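Residue numbers (this note's numbering), protein chains in the order written: chain L, 1 to 275; chain Z, 1001 to 1275.
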């Protein structure tokens, strides 16, 4: 964590916590990349414009891939105290949300800052996070996906058995080396703790996986969902995902499902590191 | 109603009932127009392709305007019995839905046929309908609209009082001449019966109007919602919409709200005219 109280320009700084939602369809993911439209890039530019400073660098809880959505993303930025204090309306109506209101007029409609507040001492969007929760949505209706949700739901052409997928998912819970489901990065651990993995048919034709862990390695959720769907449609036995996990190596038989069914829904922080 | 049992080509025909959903964003409304992408045009072409016939003409419950969505639209088509019987898979798995399954592969993802079945005797999507139900969705959150729903929710920049709008809406219930809220069409009656008009805050920042009537004249829902929002944000008194209604002439002070917040959610038929 960088020392509090001083920004890159040497002035007095403070750390902001931003709660963010976005439709990932038209973004090349969270992380900024030269020449690409990314959530981080768009947000940093908007913050610089509203604060009339150099775009501040954002730290983030979940570096979502291209096409992945978020309704509960959390990030932080260190900004000059003077710039924060100069946000119009800050001291008038709803001062804590004045920055979010200004950003609403500057950001494109596919990304919204729901709240922008001064973070508690020591807060870091990435390192303070205790858990991340993702949802993956699948339609197995023969007619396809509800047009009003087609950007956020995968059309899966085989009917799936939600109870079988839930049973298979139970075999992936706990603290394990999830290398079987991760795109490996040199030197990065693939040990994680999955606290929740359940499937529910929230309405006819719509099956939703909810997965919560301390963190996820790259592609992990989408690879696990791919393995579970193979159980759900009857192609694999219920203990297949647990067998994959135990093997600790990637199996080419596992399909990484497309990004657009995936949404980062919530990030948890300890009580003293949230509002 | 056209006589049952004979189609335009002289062969034996039958009437199909189609239950349809669409994202209206990229359509020039329901009704076909030369050179425009319309729901009716796209659906008729897809039906012709799957049935290998001339595109059949569709009758419809609600002729939605450009930009208006539907989750519960109902339409009918008279098709040659021989073409219906020739739909692949019709007699194998889920015969009643074989046509819907075939249409899923032919239609663009912003329109879906959830069900396509032989209609009961005398069924007419327009004239058999007893009621239509629309929802209009408004976000009055300072940060804007949830990016995942921005195509279907109006961003209203003033906070609204849902209880005040519900009270004002009660003054519009019953059988009345709604000329004050209708774009007049020569010779068309503007007398309608509104059975339900309520507002609910379904979650923080989201207010939803639900309006059910035997039918609606052109622009009626959007003009009524515009009048109610003016009550909700405090610019007009609660009895203003009822006063407008009583005047029976359009008042330029009424704003017709944009189409994208509006969704046709359900159409009701008598028991013997539905499945």
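Ideal Cβ placement from N, Cα and C applies to all residues, glycine included.
Predicted model only: the values in this text are computed from it and were never measured.
Beta-carbon contacts of residue i that lie in its chain and below 8 Å, excluding the five residues immediately before and after
i, result
"residue 1106 of chain Z", "1046, 1049, 1050"
"residue 1035 of chain Z", "none"
"residue 114 of chain L", "19, 20, 21, 100"
"residue 110 of chain L", "22, 23, 25, 26, 27"
"residue 11 of chain L", "80, 81, 82"
"residue 1102 of chain Z", "1050, 1087, 1088, 1089"
"residue 1240 of chain Z", "1168, 1227, 1230, 1231"
"residue 1056 of chain Z", "1044, 1047, 1048, 1077, 1078, 1079"
"residue 1251 of chain Z", "1180, 1244"
"residue 1104 of chain Z", "1112, 1113"
"residue 1002 of chain Z", "Below a pLDDT of 50, predicted positions are generally treated as unreliable, and residue 1002 of chain Z, at 45, falls in that range; the measurement from the model is reported next regardless. 1078, listed in sequence order."
Contacts around residue i, its chain only, beta-carbon distance under 7 Å, and the 5 residues preceding and following it disregarded
i, result
"residue 1164 of chain Z", "1231, 1232, 1238"
"residue 63 of chain L", "30, 31"
"residue 185 of chain L", "218"
"residue 215 of chain L", "132, 192"
"residue 226 of chain L", "254, 255, 256, 257"
"residue 54 of chain L", "48"
"residue 271 of chain L", "none"
"residue 269 of chain L", "128, 129, 130"
"residue 1157 of chain Z", "none"
Residue i versus the options, residue with shortest Cα-Cα distance
i, options, result
"residue 197 of chain L", "L/220, L/111, L/75, L/183", "L/220"
"residue 21 of chain L", "L/266, L/270, L/228", "L/266"
"residue 1172 of chain Z", "Z/1228, Z/1142, Z/1185, Z/1144", "Z/1228"
"residue 112 of chain L", "L/182, L/241, L/223, L/73", "L/73"
"residue 1086 of chain Z", "Z/1098, Z/1076, Z/1078", "Z/1098"
"residue 1014 of chain Z", "Z/1068, Z/1271, Z/1215, Z/1118", "Z/1118"
"residue 203 of chain L", "L/162, L/116, L/38", "L/162"
"residue 1148 of chain Z", "L/67, L/250, L/169", "L/67"
"residue 1059 of chain Z", "Z/1070, Z/1053, Z/1044, Z/1071", "Z/1044"
"residue 17 of chain L", "L/57, L/116, L/84", "L/116"
"residue 234 of chain L", "L/159, L/189, L/169, L/250", "L/159"
"residue 182 of chain L", "L/223, L/206, L/120", "L/223"
"residue 108 of chain L", "L/137, L/129, L/39", "L/39"
"residue 1061 of chain Z", "Z/1037, Z/1070, Z/1069, Z/1129", "Z/1129"
"residue 84 of chain L", "L/71, L/75, L/52", "L/52"
"residue 71 of chain L", "L/264, L/143, L/269", "L/264"
"residue 69 of chain L", "L/151, L/188, L/205", "L/151"
Proximal residues to residue i (C-beta, below 6 Å), its chain only, five neighbours per side dropped
i, result
"residue 313 of chain L", "Outside the shown range of chain L (1 to 275) lies residue 313 of chain L, about which nothing can therefore be said."
"residue 1145 of chain Z", "1139, 1153, 1155"
"residue 242 of chain L", "171"
"residue 1041 of chain Z", "1032"
"residue 1065 of chain Z", "1029, 1259"
"residue 1236 of chain Z", "1230"
"residue 1092 of chain Z", "Low confidence applies to residue 1092 of chain Z: its pLDDT is 46, below 50, so where it sits in the model is not reliable enough to give any reading."
Near the ligand MG: residue i beta-carbon under 7 Å from a heavy atom
i, result
"residue 1033 of chain Z", "What this structure holds is no ligand at all, so the ligand MG is not there to describe."
Any residues in the stretch 1065-1093 of chain Z with a beta carbon nearer than 8 Å to a beta carbon of chain L? Which ones, in chain order?
-> When C-beta distances to chain L are compared with 8 Å, the residues of the stretch 1065-1093 of chain Z below that value are 1069, 1071, in chain order.
Residue ranges of each beta strand (DSSP E) within the stretch 159-210 of chain L, 3 or longer | DSSP runs (the beta strand (DSSP E)) wholly in the stretch 159-210 of chain L: 174-177, 191-203.
Would the stretch 255-271 of chain L and the stretch 1023-1034 of chain Z be scored as touching if the rule is three or more Cβ pairs under 8 Å?
-> Result no; under three Cβ-Cβ pairs closer than 8 Å.
Could you give the uninterrupted runs of the alpha helix (DSSP H) lying entirely in the stretch 57-137 of chain L, keeping only those of 4 residues or more?
-> Listed in chain order, the complete alpha helix (DSSP H) runs (minimum 4 residues) inside the stretch 57-137 of chain L are 81-85, 98-106.
Residues of the stretch 1102-1116 of chain Z whose Cβ lies closer than 7 Å to any Cβ of chain L, in chain order = For the stretch 1102-1116 of chain Z, the beta-carbon criterion of a distance under 7 Å to any beta-carbon of chain L is satisfied by 1104, 1109, 1110, 1111, 1112, 1113, 1114.
Mind checking the stretch 130-148 of chain L against chain Z and listing, in chain order, the residues whose C-beta falls within less than 8 Å of any C-beta there?
-> Taking 8 Å as the Cβ-Cβ cut-off against chain Z, the residues of the stretch 130-148 of chain L that qualify are 141, 142, 143, 144, 145, 146, 147, 148.
Using 8 Å as the Cβ pair cut-off and three pairs as the minimum, do the stretch 126-141 of chain L and the stretch 207-214 of chain L touch?
-> Because the criterion of three Cβ pairs below 8 Å is met, the stretch 126-141 of chain L and the stretch 207-214 of chain L touch.
Validate contact between the stretch 1115-1127 of chain Z and the stretch 1188-1197 of chain Z using beta carbons, cut 8 Å, 3 pairs | Counting Cβ pairs under 8 Å, fewer than three are found: no touch.
Against chain L: residues of the stretch 1006-1036 of chain Z by CB proximity under 8 Å | Those residues of the stretch 1006-1036 of chain Z that come within reach of chain L (Cβ to Cβ, closer than 8 Å) are 1021, 1022, 1023.
Mind listing which residues of the stretch 174-202 of chain L have their C-beta closer than 8 Å to chain Z's C-betas, in chain order?
-> Flagged: no residues at all.
Would you say the stretch 240-253 of chain L touches the stretch 176-190 of chain L, given that touching needs at least three Cβ pairs under 8 Å?
-> They touch, by the three-pair rule.
Proximal residues, the stretch 150-171 of chain L versus chain Z, C-beta separation under 7 Å = The stretch 150-171 of chain L vs chain Z, Cβ under 7 Å: 150, 152.
Continuous beta strand (DSSP E) assignments of at least 3 residues falling wholly in the stretch 7-61 of chain L = Fully enclosed beta strand (DSSP E) runs of 3 or longer: 13-22, 58-60.
When you check each C-beta in the stretch 1204-1218 of chain Z against every C-beta of chain L, which residues fall closer than 7 Å?
-> For the stretch 1204-1218 of chain Z, the set of residues with a beta-carbon nearer than 7 Å to any beta-carbon of chain L is empty.
Taking any Cβ of chain Z, which residues in the stretch 40-59 of chain L have a Cβ under 9 Å from it, in chain order?
-> For the stretch 40-59 of chain L, the beta-carbon criterion of a distance under 9 Å to any beta-carbon of chain Z is satisfied by none of its residues.
Start-end ranges of the alpha helix (DSSP H) lying completely within the stretch 1219-1250 of chain Z, minimum 4 residues = When DSSP assignments are scanned along the stretch 1219-1250 of chain Z, the uninterrupted stretches of alpha helix (DSSP H) that are 4 or more residues long and fall wholly within it turn out to be 1220-1232, 1240-1247.
Members of the stretch 251-263 of chain L that neighbour chain Z once the beta carbon cut-off is set at 9 Å = Residues are counted here when their Cβ sits less than 9 Å from a Cβ of chain Z; for the stretch 251-263 of chain L these are 263, given in chain order.
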